[in-house]
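Beneath this line is the structure, given in structure tokens, with notes to follow.
Number of protein chains: 2
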Amino acid sequence: MQKYIVISNDIRNRILKGEYQANQQIPFEKDLCVTYDSSKMTIKKALDILVTEGLIIKRRGSGTFVKDINPREMERLSVANQFRGTTALNPNRTVLSKIINFSIIPCPEVAQSKLNLTSDSFVYDIYRVRHIDGLPTVMEKMYMPIDLIPGLKAPTIEHSIYEYIEEELHLVIQSGHRNISARKVTDFEAEHLHLEKGDPVAVAEQIGYLDTGAAFEYSISVHRYDDFSIDVVLTRD
Amino acid sequence: MQKYIVISNDIRNRILKGEYQANQQIPFEKDLCVTYDSSKMTIKKALDILVTEGLIIKRRGSGTFVKDINPREMERLSVANQFRGTTALNPNRTVLSKIINFSIIPCPEVAQSKLNLTSDSFVYDIYRVRHIDGLPTVMEKMYMPIDLIPGLKAPTIEHSIYEYIEEELHLVIQSGHRNISARKVTDFEAEHLHLEKGDPVAVAEQIGYLDTGAAFEYSISVHRYDDFSIDVVLTRD
DNA sequence: TAGTGGTCTAGACCACCGG
DNA sequence: CGGTGGTCTAGACCACTAA
Numbered sequence: 001m002q003k004y005i006v007i008s009n010d011i012r013n014r015i016l017k018g019e020y021q022a023n024q025q026i027p028f029e030k031d032l033c034v035t036y037d038s039s040k041m042t043i044k045k046a047l048d049i050l051v052t053e054g055l056i057i058k059r060r061g062s063g064t065f066v067k068d069i070n071p072r073e074m075e076r077l078s079v080a081n082q083f084r085g086t087t088a089l090n091p092n093r094t095v096l097s098k099i100i101n102f103s104i105i106p107c108p109e110v111a112q113s114k115l116n117l118t119s120d121s122f123v124y125d126i127y128r129v130r131h132i133d134g135l136p137t138v139m140e141k142m143y144m145p146i147d148l149i150p151g152l153k154a155p156t157i158e159h160s161i162y163e164y165i166e167e168e169l170h171l172v173i174q175s176g177h178r179n180i181s182a183r184k185v186t187d188f189e190a191e192h193l194h195l196e197k198g199d200p201v202a203v204a205e206q207i208g209y210l211d212t213g214a215a216f217e218y219s220i221s222v223h224r225y226d227d228f229s230i231d232v233v234l235t236r237d
Numbered sequence: 001m002q003k004y005i006v007i008s009n010d011i012r013n014r015i016l017k018g019e020y021q022a023n024q025q026i027p028f029e030k031d032l033c034v035t036y037d038s039s040k041m042t043i044k045k046a047l048d049i050l051v052t053e054g055l056i057i058k059r060r061g062s063g064t065f066v067k068d069i070n071p072r073e074m075e076r077l078s079v080a081n082q083f084r085g086t087t088a089l090n091p092n093r094t095v096l097s098k099i100i101n102f103s104i105i106p107c108p109e110v111a112q113s114k115l116n117l118t119s120d121s122f123v124y125d126i127y128r129v130r131h132i133d134g135l136p137t138v139m140e141k142m143y144m145p146i147d148l149i150p151g152l153k154a155p156t157i158e159h160s161i162y163e164y165i166e167e168e169l170h171l172v173i174q175s176g177h178r179n180i181s182a183r184k185v186t187d188f189e190a191e192h193l194h195l196e197k198g199d200p201v202a203v204a205e206q207i208g209y210l211d212t213g214a215a216f217e218y219s220i221s222v223h224r225y226d227d228f229s230i231d232v233v234l235t236r237d
């Protein structure tokens with residue numbers, strides 16, 4: 001494990017345990033260099049991780065301070081801006097899917113620009129309802145290039161596609177570009193999600209990337225409004 | 001302007017102009033060191049900015065590659081995960097507010113944990129409808145500690161509070177922690193937002209921080225569903 | 001003015017990928 | 001095995017803050 005990760009974890013734990021409290025100043029980088037027997041650059045890198053997580057702020061000329069955050073709020077932060085599938089996001093719940101459609105088609109126009117493909121490429125066309133602890137919660141429309149993700153079968157789609165990609169194909173999922181919006185549920189969706197006509201849904205449109213830079217997924221997830229929430233840490237510049 | 005920012009901007013522009021195309025390999029860090037007359041660490045820092053923006057990916061042992069992104073998709077990315085107020089987010093539109101409530105009260109329980117205050121601290125209690133180009137678009141409930149943000153007056157609230165904080169008080173807004181969800185509009189909100197009973201709204205609950213680390217704002221923004229959308233770049237690890 | 005964090009360097013060593 | 005990007009160092013200089 002790299003040094004800056006270890007240091008970063010250690011300081012994060014001290015903050016979460018309350019050893020460094022909200023609004024309190026933490027030791028100077030110079031002193032942390034001694035504490036952790038590291039160079040200034042390494043300490044800076046460790047602290048910068050906590051800055052992007054939103055736990056601390058740094059002020060040139062003054063020092064480094066724990067943000068003015070209630071301890072209960074802190075735990076959410078470490079998972080904000082992390083890319084996880086539905087299964088991984090609900091580790092203590094059962095996630096199963098009912099397949100509405102599973103076929104292979106030429107890449108439709110709507111997905112061409114997202115996946116950077118042309119219509120002569122083939123993609124899986126997947127439409128499924130994801131049940132969490134038995135309750136229909138998300139409807140997911142998904143396009144994946146068959147060249148990148150070979151061998152998809154119905155049983156996989158009923159469970160976790162991401163797990164298949166990582167554990168069976170040994171590919172590495174690297175990042176996702178997601179757009180969040182809201183709208184009214186369609187009648188078709190309402191039926192599957194057990195919602196009333198015109199109820200709200202949250203829509204997450206997403207492009208997923210492998211560590212090769214290749215776009216492997218374009219999906220539109222329609223979530224019941226009472227089971228959707230996402231945390232984001234935003235910064236100036 | 002710092003060297004790594006200049007380099008980062010230059011490479012971003014080359015990608016956006018198509019000089020470095022989707023899926024294409026860009027020069028090795030070693031060569032970029034020569035091109036930009038910089039050290040390896042500086043080049044790495046410049047490239048890492050583009051990685052977190054979602055434009056490129058790096059593979060140890062292989063090189064650095066432009067992500068498999070359609071050029072049209074790229075422009076959205078540079079503003080993802082940026083913290084802006086409504087006014088700054090709509091630079092070409094007119095943003096005005098109708099005040100529903102503006103008073104000073106002891107910090108209510110709902111905001112105490114968010115702002116890390118106790119009930120003996122006073123906060124502004126602001127409730128306003130934000131009109132964008134004349135159309136009611138967002139209803140914003142906002143609590144701000146009067147100690148941190150002194151001198152707020154009604155005319156300021158009708159325009160941009162963020163501008164007042166930065167340009168009049170010369171404070172620096174540093175980051176925000178935001179939670180996004182969706183629900184049905186209340187009857188009261190429907191009236192002000194010109195929505196029908198039960199229509200969807202997107203809810204952005206947010207804590208804003210100054211560069212001192214102090215929480216200066218807790219707000220709940222209720223957006224018309226047809227004028228709300230947010231982009232997020234998510235990563236593993 | 002002393003001391004903070006920010007930038008930048010030159011160079012060492014390492015983990016990983018490809019031929 | 002050579003070459004990539006990743007980590008880490010020791011030290012220089014700078015911009016900024018606070019007393």
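Chains as they are written, first to last, in the numbering used here: chain A, 1 to 237; chain B, 1 to 237.
A virtual CB, placed ideally from N, CA and C, is assigned to each residue, including glycine.
Bear in mind the structure is a predicted one, so any value in this text is a computation, not a measurement.
- By the C-beta density criterion, A/K114 is buried, having at least 16 other C-beta atoms within 10 angstroms.
- Between the stretch 121 to 132 of chain B and the stretch 197 to 209 of chain B, the count of Cβ pairs shorter than 8 angstroms is below three; the stretches do not touch.
- Going by DSSP, A/F188 is part of the alpha helix (DSSP H) stretching over D187 to L193.
- Per DSSP, B/A182 lies in no alpha helix (DSSP H); the unbroken beta strand (DSSP E) holding it starts and ends at I173 to K184.
- In this structure, the CA atom of A/N9 is about 18 angstroms from the CA atom of A/E73.
- Spanning the alpha carbons of A/D227 and A/K197 requires a straight line of approximately 18 angstroms.
- Three or more beta-carbon pairs separated by less than 8 angstroms link the stretch 218 to 237 of chain A to the stretch 49 to 62 of chain A, which places the two stretches in contact.
- In the DSSP assignment, B/V232 is bridged to A/R178.
- Its Cα nearest to that of B/D187, the residue B/V201 stands out among B/F83, B/H177, B/Q174 and B/V201.
- In the structure shown, B/Q82 falls within a strand segment according to DSSP collapsed to helix, strand and coil.
- Not a single CB atom of chain B sits nearer than 8 angstroms to the CB of A/N101.
- Among the CB atoms of chain B, one or more fall inside 8 angstroms of the CB of A/R59.
- Using a Cβ-Cβ cut-off of 8 angstroms, A/D211 counts as an interface residue toward chain B, since at least one Cβ of chain B sits closer than that to its own.
- Using a 10 angstroms sphere on the CB of B/M41, the tally of other CB atoms stays under 16, which defines it as exposed.
- The DSSP-derived three-state label of B/T64 is strand.
- Per DSSP, reduced to three states, the secondary structure at B/P91 is coil, with no helix or strand assignment.
- A/S97 and A/I126 have their C-alpha atoms roughly 11 angstroms apart.
- Of all C-beta pairs linking the stretch 135 to 146 of chain A to the stretch 97 to 111 of chain A, three or more are shorter than 8 angstroms, placing the two stretches in contact.
- Annotated as proximal: B/I7 and B/A46, with beta-carbon spacing under 8 angstroms.
- The C-alpha of A/A182 is placed about 33 angstroms away from the C-alpha of B/G18.
- Around the C-beta of A/H194, fewer than 16 other C-beta atoms lie within 10 Å, and the residue is accordingly described as exposed.
- Classified as exposed, B/T94 has fewer than 16 neighbouring CB atoms from the shown chains inside 10 Å of its CB.
- Membership of B/M74 in the alpha helix (DSSP H) is indicated by the continuous run P71 to L77.
- Taking 8 angstroms as the upper bound for CB-CB distance, A/A88 and A/Y162 are in contact here, some 7 angstroms apart.
- Among the residues facing chain A, B/Y225 is included, as its CB has a counterpart in that chain under 8 angstroms away.
- Looking from the CA of A/D211, the closest CA among A/R60, A/P136 and A/G176 belongs to A/G176.
- DSSP, read as helix, strand or coil, puts B/M142 in strand.
- Spatial neighbours of B/Y4 in its own chain (CB-CB distance under 7 angstroms, excluding positions within 5 residues in sequence) are listed in chain order as T42, K45 and A46.
- A direct Cα-to-Cα measurement between A/K67 and B/A154 gives close to 30 angstroms.
- Restricting attention to A/E168, A/L50 and A/P27, the CA atom closest to the CA of A/P150 is found in A/E168.
- Ranked by Cα distance from B/V185, the options B/M139, B/L50 and B/C33 are led by B/M139.
- The Cβ atoms of A/N90 and A/I132 sit closer than 8 angstroms to each other.
- Interface flag for A/K184 against chain B is set, since a Cβ pair is found closer than 8 angstroms.
- Listed by position along chain B, the residues whose Cβ is nearer than 9 angstroms to that of A/H170 form an empty set, because the closest Cβ is around 15 angstroms away.
- Distance from B/N116 to A/I69 at the Cβ level is roughly 7 angstroms; contact confirmed, criterion being Cβ atoms closer than 8 angstroms.
- Per DSSP, A/P155 is one residue of the alpha helix (DSSP H) stretching across A154 to E158.
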